[in-house]
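Note that the sequence shown covers residues 1 to 366 in the UniProt record's numbering.
For each residue, glycine too, the CB sits at the ideal point set by N, CA and C.
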Amino acid sequence: MGRLPKSIQVALAIVKDSKLEEFAVHADNIADASGPLLPQIAETSRSDTLEAMLNLKISQLTLSINQEIATLRSEVAAINTRPSRNPDSRPSTYRSRSRSRSRTFHGADGLCWYYWRYGSQSRKCKEPCTYNSGKCDGSSLMTASETSPSPRHLFITDRTTQTHFLIDTGADLCVYPRSAVPDRRVKSDYVLSAANGTPINTYGTITLSLYFGLRRDFTWRFVIAEVSKPIIGVDFLSHYNLLVDVRNQCLLYGVTRLTAHGHVAESSIPSIKIVVGETKYDCLLRKFPEITRPYGAPKDIRHSTKHYIQTTPGPPASCKPRRLAPDKLKAAKKEFEAMIQLGIIRPSQGPWASPLHLVLKNTTDA
């Protein structure tokens with residue numbers, strides 16, 4: 001009876017005191033009368049089985065972890081109780097030669113490893129070291145800082161000449177390498193000093209017009225000195241309101257808020273100083289830098305005196321123009337453009353002109 005469908009069991013519930021064969025007959029009649037039965041699906045519960053399997057897996061995993069922990073503890077205990085083979089031995093100080101500093105190392109200034117290590121006392125400088133070859137004009141500036149960590153400085157590129165200028169806020173004035181000047185220069189009596197007290201010879205001045213991509217040119221008179229790189233000092237920065245941003249590697253123009261991007265690199269060139277010392281005279285000169293520092297730009301006029309050249313009224317006398325030689329014409333244009341940029345002269349608006357006479361000096365300057 002328990003295996004019959006529910007509908008047949010309900011119908012047979014009213015039949016009592018019948019034999020099993022009669023129940024079977026009645027069930028067959030009810031099944032024939034009710035037609036085909038719909039299939040039934042019975043779901044068996046597996047929650048108990050899954051829970052048992054999970055508990056078994058967890059027990060096996062816990063047992064495995066405990067065994068691994070016990071094995072590791074026994075190995076650590078064995079290592080700690082193991083006697084030393086040579087108690088008097090010391091750690092080896094041998095260093096592989098492959099890890100040693102290369103003897104042909106060249107720094108940012110073209111100096112070999114021997115000069116970097118021993119300075120001016122080196123006797124084995126190897127090419128292309130600029131110390132022995134005489135190309136390193138700033139070798140005297142490196143003696144005090146070759147063993148100390150090189151500070152990082154900002155370098156800005158002049159887009160006209162592609163020259164990299166070192167921006168040094170600790171330098172008192174702007175200097176330009178003597179090796180970068182094409183013509184010969186005679187040493188002057190004006191002597192600068194490095195921050196370490198090393199004297200630096202100078203060779204006059206040169207006027208440069210720099211373009212850093214800030215929508216204007218920056219004209220300045222640089223002192224030609226024995227340095228390895230052109231340096232822009234604090235006088236240039238303060239005059240043109242330029243701010244140094246080392247973190248973002250750029251130069252900020254305070255007037256237009258434009259920036260000229262450069263790059264930061266290590267440089268061992270010490271700052272250029274005009275006065276080095278702590279005597280009362282040095283302190284007094286340091287209070288008036290305009291006395292000892294050549295001014296890179298025209299000074300402000302503090303008087304109202306003006307000078308005019310009165311010419312004869314009337315039209316000028318005509319004269320046939322004479323062409324200058326190409327080298328003399330180039331030198332004349334260069335000098336006049338420099339004087340115009342410095343504010344010494346201005347273009348004339350009158351029809352008057354004077355013949356130009358150029359003489360070649362011993363220093364090959366026109």
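Please classify residue 159: is it buried, with 16 or more other beta-carbons within 10 angstroms of its beta-carbon, or exposed?
As a working mapping, residue 159 is identified with position 159 in the sequence shown. Residue 159 should be labelled exposed.
Beta-carbon spacing of residue 169, residue 244 below 8 angstroms
Within the sequence shown, numbered from 1, the residue matching residue 169 stands at position 169. Within the sequence shown, numbered from 1, the residue matching residue 244 stands at position 244. Going by C-beta atoms, residue 169 is nearer than 8 angstroms to residue 244.
Check for me: the alpha helix (DSSP H) holding residue 326 runs from which residue to which?
Position 326 of the sequence shown, counted from the first residue, corresponds to residue 326. First-last of the alpha helix (DSSP H) with residue 326: 326-341.
So what's residue 20 in DSSP terms, helix, strand or just coil?
As a first step, residue 20 is located in the sequence shown; it is residue number 20 there, counting from the start. Of the three classes helix, strand and coil, the one that applies to residue 20 here is helix, per DSSP.
Tell me whether residue 245 sits in a helix, a strand or coil according to DSSP, three-state version.
Looking up residue 245 in the sequence shown gives position 245. Looking at residue 245 - three-state DSSP - the assignment turns out to be strand.
Residues near residue 202 in its chain [Cβ-Cβ closer than 7 angstroms; skip 5 each side]:
Your numbering for residue 202 matches position 202 in the sequence shown. A distance below 7 angstroms between beta-carbons, with the five flanking residues on each side excluded, links residue 202 to the following residues of its chain, in chain order: 188, 190, 191, 192, 223, 224, 225.
Would you give the residue range spanned by the alpha helix (DSSP H) that residue 239 belongs to?
In the sequence shown, the residue the question calls residue 239 occupies position 239. 234-239 is the extent of the alpha helix (DSSP H) around residue 239.
Nearest-angstrom Cβ-Cβ length linking residue 269 and residue 227, presumed shorter than 8 angstroms:
Locating residue 269 in the sequence shown gives position 269, counting from the first residue. Locating residue 227 in the sequence shown gives position 227, counting from the first residue. Between residue 227 and residue 269 the Cβ distance is about 7 angstroms, and since that is below 8 angstroms, they are a contact.
Is it true that the CB of residue 273 sits closer than 8 angstroms to the CB of residue 194?
As a first step, residue 194 is located in the sequence shown; it is residue number 194 there, counting from the start. As a first step, residue 273 is located in the sequence shown; it is residue number 273 there, counting from the start. In this structure, residue 273 lies closer than 8 angstroms to residue 194 by Cβ.
How long is the line joining the alpha carbons of residue 352 and residue 209, rounded to whole angstroms?
As a first step, residue 352 must be located in the sequence shown, where it is residue number 352. As a first step, residue 209 must be located in the sequence shown, where it is residue number 209. Approximately 29 angstroms, taken between the alpha carbons.
For the beta strand (DSSP E) holding residue 11, just list the boundary residues, first then last.
To locate residue 11, count along the sequence shown from 1; it is residue 11. Where residue 11 is concerned, there is no enclosing beta strand (DSSP E), although the alpha helix (DSSP H) it sits in stretches over 6-12.
Which of the three DSSP states, helix, strand or coil, is assigned to residue 173?
Start at 1 with the first residue of the sequence shown, and residue 173 comes out as number 173. Residue 173 falls in the coil class under three-state DSSP.
When the distance is taken between beta carbons, is residue 204 closer than 8 angstroms to residue 185?
The residue labelled residue 185 in the question sits at position 185 within the sequence shown. The residue labelled residue 204 in the question sits at position 204 within the sequence shown. Cβ distance < 8 angstroms, so residue 185 and residue 204 count as in contact.
Measure the beta-carbon distance from residue 181 to residue 200 and round it to whole angstroms, keeping in mind my assumption that it falls under 8 angstroms.
Here residue 181 corresponds to residue number 181 of the sequence shown, with the count starting at 1. Here residue 200 corresponds to residue number 200 of the sequence shown, with the count starting at 1. Not quite, the Cβ-Cβ distance comes to about 15 angstroms (not below 8 angstroms), so this is no contact.
Is residue 158 helix, strand or coil when you go by DSSP?
Counted from its first residue, the sequence shown places residue 158 at position 158. DSSP places residue 158 in strand when its eight states are reduced to three.
Which same chain residues end up closer than 7 angstroms to residue 338 when comparing Cβ atoms and leaving out the 5 residues on each side of it in sequence?
Within the sequence shown, the letter at position 338 stands for residue 338. 207, listed in sequence order.
What's the gap between the Cα of residue 108 and the Cα of residue 229?
Taking the sequence shown and counting its residues from 1, the one referred to as residue 108 is at position 108. Taking the sequence shown and counting its residues from 1, the one referred to as residue 229 is at position 229. At residue 108, the pLDDT of 45 sits below 50, so the modelled position is not reliable; the number obtained from the coordinates is stated separately. Rounded to whole angstroms, residue 108 to residue 229 spans 11 angstroms at the Cα level.
Straight-line gap, residue 319 to residue 326 (C-alpha atoms, nearest Å):
In the sequence shown, the residue the question calls residue 319 occupies position 319. In the sequence shown, the residue the question calls residue 326 occupies position 326. Taking the straight line from one Cα to the other gives about 21 angstroms.
Buried or exposed (CB count within 10 angstroms, at least 16 for buried), residue 172:
Your numbering for residue 172 matches position 172 in the sequence shown. Buried, by the Cβ-count rule.
Could you give the residue range of the beta strand (DSSP E) that holds residue 352?
Numbered from its first residue, the sequence shown carries residue 352 at position 352. Looking at the DSSP string, residue 352 is not in any beta strand (DSSP E), and its letter there is neither H nor E.
Can you tell me which of the three DSSP states residue 307 falls into?
Against the sequence shown, residue 307 aligns to sequence position 307. Judged by DSSP in its simplified three-state form, residue 307 adopts coil rather than helix or strand.
Let me know the secondary structure DSSP gives residue 266 once reduced to three states.
As a working mapping, residue 266 is identified with position 266 in the sequence shown. Three-state result, residue 266: strand.
Helix, strand or coil at residue 273 according to DSSP, with G and I counted as helix:
Locating residue 273 in the sequence shown gives position 273, where the first residue counts as 1. Strand.
Start-to-end residues for the beta strand (DSSP E) that takes in residue 221
Residue numbering aside, residue 221 sits at position 221 when the sequence shown is read from its first letter. Residues 218-225.
Tell me residue 26's beta-bridge partners as DSSP assigns them.
Position 26 of the sequence shown, counted from the first residue, corresponds to residue 26. Partner(s): none; residue 26 has no beta bridge.
Going by beta carbon distance, what residues of the same chain come within less than 7 angstroms of residue 156, once the five residues before and after it are set aside?
In the sequence shown, residue 156 corresponds to position 156, counting from 1. The answer, listed in chain order, is 165, 167, 212, 251, 260, 262.
DSSP on residue 319, reduced to helix/strand/coil?
Along the sequence shown, read from residue 1 onward, the residue named residue 319 stands at position 319. Coil, per DSSP.
So the beta strand (DSSP E) residue 81 belongs to, where does it begin and stop?
In the sequence shown, residue 81 corresponds to position 81, counting from 1. Counting along the chain, residue 81 falls outside any beta strand (DSSP E), and DSSP gives it neither H nor E.
Coarse secondary structure for residue 112, derived from DSSP in three states:
Walking along the sequence shown from the start, residue 112 turns up at place 112. Residue state, collapsed to three classes: coil.
Which of helix, strand or coil DSSP assigns to residue 180
Translated into the one-based positions of the sequence shown, residue 180 becomes position 180. Of the three classes helix, strand and coil, the one that applies to residue 180 here is helix, per DSSP.
Does residue 98 pass the burial test, meaning 16 or more other C-beta atoms within 10 Å, or should it be called exposed?
Translated into positions along the sequence shown, residue 98 becomes position 98. With a pLDDT of only 45 at residue 98, under 50, the local geometry of the prediction cannot be trusted, and the value read off the model is given with reservation. By the 10 Å Cβ count, residue 98 comes out exposed.
Buried or exposed by the 16-neighbour rule on C-beta atoms within 10 Å, applied to residue 281:
For the purposes of this step, residue 281 is taken as the residue at position 281 of the sequence shown. It counts as exposed.
Beta carbon of residue 249, beta carbon of residue 264: below 8 angstroms?
For the purposes of this step, residue 249 is identified with residue 249 of the sequence shown, where counting begins at 1. For the purposes of this step, residue 264 is identified with residue 264 of the sequence shown, where counting begins at 1. The beta carbons of residue 249 and residue 264 sit closer together than 8 angstroms.
With DSSP collapsed to three states, give me the class of residue 210.
Within the sequence shown, residue 210 is the residue found at index 210, counting from 1. The answer is strand: DSSP assigns residue 210 an E or B state.
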